[in-house]
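The sequence shown begins at 621 in this note's numbering and counts up one residue at a time.
We put the beta carbon where it would ideally sit given N, CA and C, even for glycine.
Model, not experiment: these values are computed from the prediction.
These notes are about the structure you will find just below.
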Amino acid sequence: MTAVRLGALAEWLLSHRRSILFLLVLLVIAGGFAAIKMPVSLFPAVSFPRIVVSLEAGDRSADQMQMEVTIAVEQALRSVQGVVAINSTTSRGSADVDLRFNWGSDLPQKVLQVQAAMAQISSTLPPGVTFAVKRMDPTKFPVVAYSLTSSTVDPVALRRFAQLHLVPALSSIPGVRQVGLQGGAMGEYRVTVNPAKLAALNLSMQEVVQALSAANTLQAVGKLQARGRLDLLLADGRFATLDEVRQTILRTGVNGVIRLDEVASVHAAQAPQFQIVTANGKPAVLLQVHQTLGGNTVAIDRAVAAQLAAMQAQFPADVHLARWYDQSTVIEDSVNSVRDAILLGIVFATLVLLSFLRSIKLALMTLVLVPTVLSATILLLSLLGMSFNIMTLGGMAAAVGLIVDDIIVMLEQITRRLHEAGHEKHTVMQAAHDFTQPLAGSSTATIIIFAPLAFLDGVTGAFFKALSLTMATALIVSFLFVWLALPLIADKLLSARDAETKESGRVLGGVLKIYRQLMHFLLTKPLSILPIIALVIAIGGFALGKVPSGFMPEMNEGGFVLDYQTAPGTSLIETDRLVSQVERILAATPEVSTWTRRTGTQ
């Protein structure tokens, strides 16, 4: 670029300094608002290429379940396009069929195809078989969970209260995908038929079943058109009380009406249980809140807590609510620790600059510019639909050093030119122009190193894509601010006096002296460093084999999961008796504050 063209560009930039800096300030402010609204989660939003079909079929044995249900479902699901593998697990009365697809598959479309395949085969399955199709992603696991316990409210009423009041209220919170319910008991009307009375009245058990089924219905009986409206008429014959069940008509004839209470006793009871749920050793109902993919975990946790607090007046007497799992605490701790690391890095970098460059202006410019670059980076990440998680925050923490490095080399270039030429017209802009190519090359080389991580397949690519995009975005923003904003600020604030060489302190002077002597020796005898390089490589290679490896670092959530199994054929009551001993140990352990237990496979 000729001096004339450079002068014209410099004149334009300097004449529009306020406008350019104002736009950059708006960008930073927008980044601040984006940071407030940005979702916060533990991991990036990852959609695993797996779909699970859960099957329920009552009390069928595992062998019968496999022969009549699982095998038929597996054969039907093989027709779904793109299925790589199918695995199944069958137990008494239930089965899970796991379908795996290639990474990058359109999972919402695959879910529709699986549902269509199940709808086609459902009519050929045994009566009573139900199924649910679920995508396997991080939303499978709850982000917050509560327990309901009571010493006086029976399990049926406790579950009904949670199902009719708490689940609908929590499901309406933005970002909540579903609210799972476990524990308690299902209520039922139990009819015990007297065979002798049945035979005396010449009735069969089948007639009793048919009469109860016909009476306990909700049917559409017609339509009513009036006053410009069309209403559907429903006849609700569902049982609401025990007397309604007892008064069910079994037969009418010349000898009168025969009702159910003449041949059977009816009483309220609990449906058979195949799972026992407790919290802190007491029978409980568990509420597990699942978020949508990409939801804000911290915001959901706060909204759930606020909603439950507002509903406390609706709780029956002697019902106690307790939170036994909260993922948001782990997320907030992780976010706060990374945030503190970033802030400490900025402060320490500023102190180092202050020590070596011995200029308050240069240190303050660095202190202001680093958060500015990070704020603009957050805005771009928000536009890309990303969230705060350990990968994006880790990427920003790693980028701080590179951002500081860009700022330092640009400031060093500017101060060197000011020292040589004084604060003549366009001196700062000329220095920035001369350094554009090296700065762009350095930033581009680093971006190219991280860019391939965004194109990896599998779980690794799903996680490291967030890290790669964060690093690349931060470096691009850093280049633009250092190349454009920093020279404009420096031209206004710095003078030739700020670029004067200052006397090094005793410690720094000693270090520089040793450095000069060492470099003089190595430059005169370059081959002498080869043994040192070989030794370092050997030590690094040896250490590489000793360092443990893993996909993700271990995380301490302040809890643990204890899986237990009893011998095949062990009854639920006996398993409950055995596991109760474990609960007594947990209760006697001071470090354990709360726990829940689920015993049984259904």
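Assignment of I1149 by DSSP, reduced to helix, strand and coil, places it in the helix class.
DSSP places F751 in the strand class (E or B) of the three-state scheme. If you ignore the 5 residues before and after L1076, its C-beta comes within less than 7 Å of the C-beta of F1084, all in its own chain and listed in chain order. Here the alpha carbon of N836 sits roughly 38 Å from the alpha carbon of R1197.
For the 8 Å CB-CB criterion, I706 and L719 form a contact. Counting only the Cα atoms, L1089 lies some 7 Å from A1074.
For the set L818, A1019 and F1180, the Cα lying nearest the Cα of W1215 is the one of F1180. Relative to L641, the option among A1154, P1107 and F653 whose CA is nearest is P1107.
With a contact defined as Cβ atoms closer than 8 Å, G702 and K730 qualify at about 7 Å. Considering only V1156, A752, A884 and G804, the residue with the shortest C-alpha distance to A816 is A884. Annotation for D683: the continuous alpha helix (DSSP H) segment containing it runs A682 to M685. Spatial neighbours of S1007 in its own chain (CB-CB distance under 8 Å, excluding positions within 5 residues in sequence) are listed in chain order as M658, P659, V660, S661, P664, A665, G914 and N916. A765 and L906 do touch by the CB rule: their CB atoms are close to 6 Å apart, below 8 Å. With contact defined as three or more Cβ pairs closer than 8 Å, the region 1058–1072 and the region 1098–1107 are in contact. Residue burial is scored here from C-beta neighbours: S708 has at least 16 other C-beta atoms within 10 angstroms and is therefore classed as buried. Taken atom to atom, the span from the alpha-carbon of G1078 to that of P669 is near 9 Å. Look at L913 here: in three-state DSSP terms it is coil, with no helix or strand label. Under the three-pair Cβ rule at 8 Å, the region 680–693 does not count as touching the region 757–772. The straight-line gap separating the alpha-carbon atoms of Y1135 and V990 is approximately 29 Å. Cα atoms of Q845 and G857: separation of roughly 23 Å, rounded to the nearest angstrom.
By the neighbour-count criterion, in which 16 or more other beta carbons inside 10 Å mark a residue as buried, L1164 falls on the exposed side.
If you draw a straight line from the Cα of A929 to the Cα of R780, it comes to about 19 Å.
A1051 and S791 have their C-alpha atoms roughly 59 Å apart. Excluding its 5 nearest sequence neighbours in each direction, S1063 has C-beta neighbours in its own chain below 6 Å: L1095 and F1099, listed in chain order. In this structure, I998 sits away from G795, with a CB-CB distance that is not shorter than 8 Å. Secondary structure note for R849: its beta strand (DSSP E) is the uninterrupted segment R849 to D856. The region 770–790 and the region 959–969 do not touch, with fewer than three beta-carbon pairs separated by less than 8 Å. Beta-bridge pairing by DSSP links K760 to no other residue. The DSSP assignment places no complete run of the beta strand (DSSP E) inside the region 646–671 (cut-off: 3 residues).
If you ignore the 5 residues before and after V648, its C-beta comes within less than 7 Å of the C-beta of T992, S995 and A996, all in its own chain and listed in chain order.
In this structure, the alpha-carbon of L973 lies about 9 Å from that of L984. Between the alpha carbons of L1003 and T1190 lies a gap of roughly 55 Å.
Annotation: the continuous beta strand (DSSP E) that includes Q890 extends over A884 to Q890. Looking at the DSSP output, S714 shares a beta bridge with E676 and S711. Counting only residues of its own chain and dropping the five nearest sequence neighbours on each side, D679 has a CB closer than 8 Å to the CB of R712 and G713.
In the three-state reduction of the DSSP assignment, H1053 falls in the helix class, which pools H, G and I.
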